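Student: Handing you this structure, nothing more for now.
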Amino acid sequence: MTKMNLVQAINSALRGALREDENVLLMGEDIGTLGGVFRVTQGLREEFGPDRVLDTPLSETGILGTAIGMALHGLRPVSEIQFADFIYPGFDQLVSEAAKYRYRTAGEFHVPMVVRTPYGGGIRGGQYHSQSPEALFIHTPGLKVVCPSNPYDAKGLLLEAIRDEDPVLFFEPKRVYRAVKMDVPETTYRVPLGEAKVVRPGEQVSCLAWGAMLYEAFAAAEEVAKHGVDVEVIDLRTLWPLDIETITSSVKKTGRIVIVHEAPRTCGFGGELVALVTERAFLHLEAPPIRITGWDTPFPLTHEREYLPLAHRIAPALLETARY
Amino acid sequence: MQVIREDGSLDSKLDPGLSVDEVVALYKALVRTRIVDERLERIQRQGRIAFHVGSLGEEAAIIGAAAALRDHDWIVPCYREVGALLFRGYPLQRYVDHMFGNADDPVCGRQMPDHTFSRAHRYLSVSAPIGTQIPHAVGLAMAAKTRNLDECVGVFFGDGATSSNDFHAAMNFAGVFQPPVLFLCRNNGYAISLPVERQTATRTMAEKAAAYRVPAARVDGNDALAVFAAVREGVQRAANGGGPTFIELLTYRLGGHSTSDDPRIYRSEAEVDAWRKADPILRLRRHIEHRKVWNDELDEDWRTVCDLEVKDCVRIAEQKPPPELSEMFTDVYAEQPWHLREQEALSAGGPRAGAEEDES
Chain W
124 MTKMNLVQAI NSALRGALRE DENVLLMGED IGTLGGVFRV TQGLREEFGP
174 DRVLDTPLSE TGILGTAIGM ALHGLRPVSE IQFADFIYPG FDQLVSEAAK
224 YRYRTAGEFH VPMVVRTPYG GGIRGGQYHS QSPEALFIHT PGLKVVCPSN
274 PYDAKGLLLE AIRDEDPVLF FEPKRVYRAV KMDVPETTYR VPLGEAKVVR
324 PGEQVSCLAW GAMLYEAFAA AEEVAKHGVD VEVIDLRTLW PLDIETITSS
374 VKKTGRIVIV HEAPRTCGFG GELVALVTER AFLHLEAPPI RITGWDTPFP
424 LTHEREYLPL AHRIAPALLE TARY
Chain C
-5 MQVIREDGSL DSKLDPGLSV DEVVALYKAL VRTRIVDERL ERIQRQGRIA
45 FHVGSLGEEA AIIGAAAALR DHDWIVPCYR EVGALLFRGY PLQRYVDHMF
95 GNADDPVCGR QMPDHTFSRA HRYLSVSAPI GTQIPHAVGL AMAAKTRNLD
145 ECVGVFFGDG ATSSNDFHAA MNFAGVFQPP VLFLCRNNGY AISLPVERQT
195 ATRTMAEKAA AYRVPAARVD GNDALAVFAA VREGVQRAAN GGGPTFIELL
245 TYRLGGHSTS DDPRIYRSEA EVDAWRKADP ILRLRRHIEH RKVWNDELDE
295 DWRTVCDLEV KDCVRIAEQK PPPELSEMFT DVYAEQPWHL REQEALSAGG
345 PRAGAEEDES
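The listed protein sequences correspond, in order, to chains W and C. Take the position in the first sequence, starting the count at 1, then add 123; the result is the number in this note's numbering. Every letter in the second sequence is one number past the one before it in this note's numbering, and letter 102, counting from 1, is 96.
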C-alpha cells in the first residue's frame, strides 16, 4: 500500500497495464515528454519508450480515429483527451465509429479502447476547461462511461476498463486530482464496471453523485446529519451501464432521492436517473425527486462556485426532501 | 501514368509483368463486378432491394488496387469497393443476402445495403459518414508497424473525402508516424453532385499529399495495369519501411452516386458518353485480346456464367426469411447489459408494427 492521490493512482494503473500487456499503449497530446498537462502520464515514456507512449499531433479526430484502427488490429490503446471540453472534434469517431463497430459487424470486429479525459469545473478554467459532457456519451448505445471519485477506485476501474472489450469513456475529476489521498495497492487489482458503492449508509434520503461532486454530496450529508436527517450517499462510479439494483433498493428504503451533477440540468444524466427511479419505485416515493446540477448556461468563470452544485446547494435540498 | 496503350499493347517500361492467367483473372473480376452491379441496380429499380451503390466505371481502380495488395494486407473500404471484397473470395451469395437484409445477412439486417465487412478477408466495415475510415487505416497500419508485422493497409476514399477533417488528420498522422498505409483516392469527378473543381481549389488530389510529405502518384484509374503497378510500388515501399503512399486514381463514375441519385440533374449525357469510351473493362479487354488469350466467344461465355451466378444468388436470397427480431438487441456490447435485456423483452412481448403498408 502507498498513499496516492488520483493522479498517482491513475499513473500507477497505466504503468501496471503497460507492464502486464504489450498490447496496451498510450497516446495523446503532450503525454510523453511532458507527462501530460496534469502529469498523469509522468515517467511512462521514459519507462516504456516513445512507441508505447505516443506524443501525438494536435488532433482529437486523429487521436481517436487512429486509436480505433489500433483497437481493430487487437491493440488496447488508451487515449488521453487533454480536457473533456476538447473531445468534440473527435465526437464523430466515438459516436459513429467506436460505439457502432461491434453492432455493424455483428461482432466480427470490436473496439477495445479507453478514452481518458479530465472533466469538470472548480479549477477556474472557464467554459473550455470545465465541462462535464458525460450525458452525450451515455446517450450513445455501444459506449461505456466511467467516472471515479477516489484514487483506489480510479486505479481499479481504469485497469478494468483497459481489459474491457468495449470502448470506455473514463472521466477523471480534475478538481480533486490532488485533493484526495488514500492507500492504494501497488498490484493491478480491478474494480468491476457497473457497480455503484454506498459510501455513507443512511435511512431517510438517497443522494446520488459521482466524480468530484461526491465529496460535496458527502459534506452536505454530514451537515444535515446535525439536523437529524440521515442521508445515504451513493457513488455511481460507472455511469453506464448503470448499477440500477443498488439505486433502486436504496430509494425503496428511503423513499426520497436527490441527484447531484455538474453538467447542465436539461437532458443531463440526472433526468434519466429520476425517470428510472420513478418507473421502478414510484409507490415507494415520499417526495418529488430533486436534481441539484449545473445551471443551463455555458460554464462560467468568475461565478463558478455559484454554478457548481456544491454542498451549500445540496444540503438545503436534502432537508427539503426529508421534510416534504 | 498509363500502361495499356490504345491498341492494347503495354508500355514496356511500366508493365507490371503479370502473367496471362493473372491478367485474365483480373479482367474476369472486373466483368463479374459489373454484371453484379447491373443486376442489383435492376432489382432495386423493381423495388426488390432498397438501395445499391455501385462501381460502374471504377472497377479497374478498385479491383486493380485490390489485386496489387497482398492477401494479408488490409483493405479499408469507403462504400463502393465490394468488387475488391469479391475479388478476395468473399462469397457472392453472402453479399446478395446482405443486399436483401435477410436471415443470412452477415449484419442481421442492421445496416443499409452495401455495408459489407469481413474479418476473414481483412476487409473493414463500411461507414456512411465520409472520411471516417481514413484514420482507422492509419491506426491499423501503426499497429502493424508496432507489432513488427509485414502488413500494409490500403484505404479507399473519394475526391469528396479530401475535404473532411478525418482525411487531413489521417494524412498528418501518416506523415508523422510513417506507417505502412496506402491512401487510394478514387477521383471519379463528383461527390454526389459537386464536381471536383468545386470540391477543392487544388488542381490535383495528389498535391495535397505534399503538405504531409507523403509521396504521391497520379494514375489513370481506368487502366487496371497502371493501377496495379502504382499500388504494387506503394506496397513495396511500405513493406520496406518506407511508410505511406498517396495514389490518385483518375476515373469516372458512369452511374449515379447511388440508386437514390439522378445524375442527369448535374451532368450532361455527352460527358458521360465520352467516358463510356474510356470504360476500364473495354481497355483491359483490348489488352488480353492483343495477347491473343481472349475473344468474343470467351467473353460471351464468361458473362453468361456471371449472369447466371448472380441471378441464382438473387433467387435464393429473396426466398430467405428476415433476420430474427432478437438480433436487433445483440452486439451493442460484448455482454448484453440489463437495460437491453429489459428492452428486448419489452419489444418481444409488445405489439408488432408489421410490414410497412404499400403506399403505391
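Backbone N, C-alpha and C fix where the C-beta goes; we use that ideal spot for every residue, glycine too. This structure is a prediction, so every number in the text was calculated from the model and none was measured.
Can you tell me which of the three DSSP states W/F293 falls into?
Tutor: It is a strand residue.
Student: Taking DSSP as the reference, what is the three-state secondary structure of W/K223?
Tutor: coil
Student: Go to C/V299, then tell me how far its alpha helix (DSSP H) extends in each direction, as first and last residue.
Tutor: Run containing C/V299: D290 to Q313, per the alpha helix (DSSP H) assignment.
Student: When we look at the beta-carbon of W/L181 and count the other beta-carbons within 10 Å, is it buried (16 or more) or exposed?
Tutor: Around the beta carbon of W/L181, fewer than 16 other beta carbons sit within 10 angstroms, so the residue counts as exposed.
Student: Give me the subset of the stretch 117 to 143 of chain C whose CB atoms are less than 7 Å from a CB atom of chain W, sorted by chain position.
Tutor: Taking 7 Å as the Cβ-Cβ cut-off, the stretch 117 to 143 of chain C approaches chain W at L118, S119, S121, P123, T126, P129, H130, A131, V132, G133, L134, M136, A137, A138 and T140, given in chain order.
Student: Between the Cα of C/D293 and the Cα atoms of C/I275, C/V308, C/F171 and C/I310, which residue gives the shortest distance?
Tutor: C/I275
Student: Name, please, each residue of chain C whose Cβ falls closer than 7 Å to the Cβ of W/Y226.
Tutor: R104, D325 and V326
Student: Can you list, in chain order, the residues of its chain whose CB lies under 6 Å from that of C/Y246, leaving out five sequence neighbours each side?
Tutor: G51, N182, G183 and W269
Student: Less than 9 Å separating the beta-carbons of W/A221 and W/L259?
Tutor: no
Student: Using 8 Å as the Cβ pair cut-off and three pairs as the minimum, do the stretch 35 to 45 of chain C and the stretch 299 to 307 of chain C touch?
Tutor: no
Student: Measuring only the C-alpha atoms, how far is C/K314 from C/N96?
Tutor: 6 Å
Student: Between the stretch 145 to 170 of chain C and chain W, which residues of the former have CB atoms less than 7 Å from a CB of the latter, in chain order?
Tutor: N159, D160, A163, A164, N166, F167 and V170
Student: Within 10 Å of its beta-carbon, does W/T444 have 16 or more other beta-carbons around it, so buried, or fewer, so exposed?
Tutor: buried
Student: Where C/S157 and C/A203 are concerned, what is the direct C-alpha to C-alpha distance, given to the nearest angstrom?
Tutor: 13 Å
Student: What residue does the beta strand (DSSP E) around W/E203 start on, and which one ends it?
Tutor: R199 to E203
Student: From the DSSP secondary-structure annotation, give me the bridge partner or partners of W/K267.
Tutor: W/V291
Student: Cβ atoms of C/D108 and C/H92: under 9 Å apart, would you say?
Tutor: yes
Student: State yes or no: is the beta carbon of C/F81 nearer than 9 Å to at least one beta carbon in chain W?
Tutor: no
Student: Roughly how many whole angstroms lie between the Cα atoms of W/R388 and W/P364?
Tutor: 21 Å
Student: From the beta carbon of W/S373, is the nearest beta carbon of chain C less than 9 Å away?
Tutor: no
Student: Quick one: does W/P315 have its CB under 9 Å from some CB of chain C?
Tutor: no
Student: Use the C-beta contact count for C/R113: other C-beta atoms within 10 angstroms, 16 or more gives buried, fewer gives exposed.
Tutor: Counting the other Cβ atoms within 10 Å of the Cβ of C/R113 gives fewer than 16, which makes it exposed.
Student: Considering only C-alpha positions, which residue in the set W/G334, W/V268, W/I357 and W/L362 is nearest to W/V322?
Tutor: W/I357
Student: Which value, in whole angstroms, describes the spacing of the CA atoms of C/Q38 and C/T253?
Tutor: 7 Å
Student: Going along the chain, which residues of the stretch 274 to 296 of chain W sit with their C-beta nearer than 9 Å to a C-beta in chain C?
Tutor: D287, E288 and D289
Student: Do we get a CB-CB distance below 9 Å when we pair C/F111 with the residues of chain W?
Tutor: yes
Student: Just list the alpha helix (DSSP H) runs in the stretch 212 to 266 of chain C, keeping only unbroken ones of 4 residues or longer that don't cross its boundaries, in chain order.
Tutor: 218 to 233
Student: Under the assumption that C/V149 contacts C/L178 (Cβ atoms under 8 Å), give the Cβ distance between them as a whole number of angstroms.
Tutor: 6 Å
Student: Would you say C/W332 faces chain B, with C-beta separation under 9 Å as the test?
Tutor: Within the model displayed, chain B is absent; protein chains W and C are what it includes.
Student: Any idea what DSSP makes of C/S354, helix, strand or coil?
Tutor: For C/S354, the predicted model reports a pLDDT of 49, less than 50, meaning its position is unreliable and no value from the coordinates is stated.
Student: Please list, in chain order, the chain C residues whose beta carbon lies closer than 8 Å to that of W/P173.
Tutor: In chain order: nothing, as chain C lies at least about 10 Å away.
Student: Give me the subset of the stretch 190 to 207 of chain W whose CB atoms are less than 9 Å from a CB atom of chain C, sorted by chain position.
Tutor: The stretch 190 to 207 of chain W vs chain C, Cβ under 9 Å: A190, I191, G192, M193, A194, L195, H196, G197, L198 and P200.
Student: Nearest to W/A190 by alpha carbon, out of C/S13, C/H130, C/V30 and C/D160?
Tutor: C/H130
Student: In chain order, what residues of the same chain have a beta carbon less than 6 Å from the beta carbon of C/L134, not counting five sequence neighbours either side?
Tutor: Setting aside the 5 residues that flank it on each side, C/L134 is surrounded in the same chain by W68 and V147, each with a C-beta closer than 6 Å to its C-beta; the list follows chain order.
Student: So, under 8 Å CB-CB, W/Y242 and W/E295 are touching, yes? Tell me the CB distance rounded to an integer number of Å.
Tutor: 7 Å
Student: For the stretch 386 to 419 of chain W, which segments carrying the beta strand (DSSP E) assignment without a break, of at least 3 residues, lie completely within its bounds, in sequence order?
Tutor: 413 to 417
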